[in-house]
Amino acid sequence: MPFTLMSATLLHLVTMAMLFIATVEKAWWTWGSVENTDLWHKCMYDNNTDTWLCTSATENGKQPLMSLMFPAEWLHSVQACMVLAVILSSVSFLVFLWELFTMSSKGLFCFSGLCQIFAGLAVFAAVLIYSFQRKEILQDVRKLSMGRFGYCFVLAWVCVPLLLGLGVFHVYLRKRA
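Numbered according to numbering that gives the first Met the number 0, the sequence shown spans residues 0 to 176.
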């Protein structure tokens, strides 16, 4: 039992770290080593100064009025889902520790498991929205064909089964004496 709890705690910490990196790092979409974009910024590398020049990702979100949803709104929905997932995963970890030390024997870790499952579903929603709406979010179709998904997008996809699996594991995990 101690090995199981230690493994669950370690997996939870690793998943939280991956989720946090996927949320804040600058590589959801990349065009080689010259330009990349994330949930918060669009960055271009300046060879003259050897620095990254970044602007807000929602600055140039103007579209015709006939559009059902502006690119900034799609991006805001992805941002909200990812931030919600980070918060839910953190709450789940704190609740798991609280349940671990205060719960009676043979109790289930249901609340921490449900928080993890909802965090996984939030990340799943975020990556699906980004996958299907990347043309509207990135706003430059001709450049879209030259780019590719970055490592933060891949990390977010990896977090989905880890969060869902860990959530299900928490729900079925029983505390022993």
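Heads up, the beta-carbon is just placed ideally off N, CA and C, and yes, glycines get one too. As the structure is a computational prediction, the values presented were derived from the model and not from experiment.
In the three-state scheme derived from DSSP, where H, G and I count as helix and E and B as strand, F148 is classed as strand. Judged by beta-carbon spacing, F152 lies beyond the 8 Å limit of V85, meaning their Cβ atoms are not closer than that value.
When secondary structure is reduced to three states using DSSP, T36 falls in the strand class. If you compare the alpha carbons of Y44, E98, C114 with that of L83, the shortest gap goes to C114. Here the C-alpha atom of L163 lies approximately 24 Å from the C-alpha atom of T101. Assignment of W51 by DSSP, reduced to helix, strand and coil, places it in the strand class. Rounded to whole angstroms, the separation of the alpha carbons of Q132 and S76 is 11 Å. Residue state for M43 is assigned as strand, using DSSP reduced to three classes.
In the DSSP annotation of this structure, the continuous segment of the beta strand (DSSP E) that includes W30 starts and ends at 28-30.
Look at L107 here: in three-state DSSP terms it is strand. Under the three-state reduction of DSSP output, L93 falls in the helix class.
Distance from the Cα of I128 is smallest, within the candidate group A71, L4, L93, C42, for A71.
If you ignore the 5 residues before and after S55, its C-beta comes within less than 7 Å of the C-beta of H40, all in its own chain and listed in chain order.
Excluding the 5 residues flanking it on each side, S32 has same chain C-beta neighbours closer than 7 Å at Y44, in chain order.
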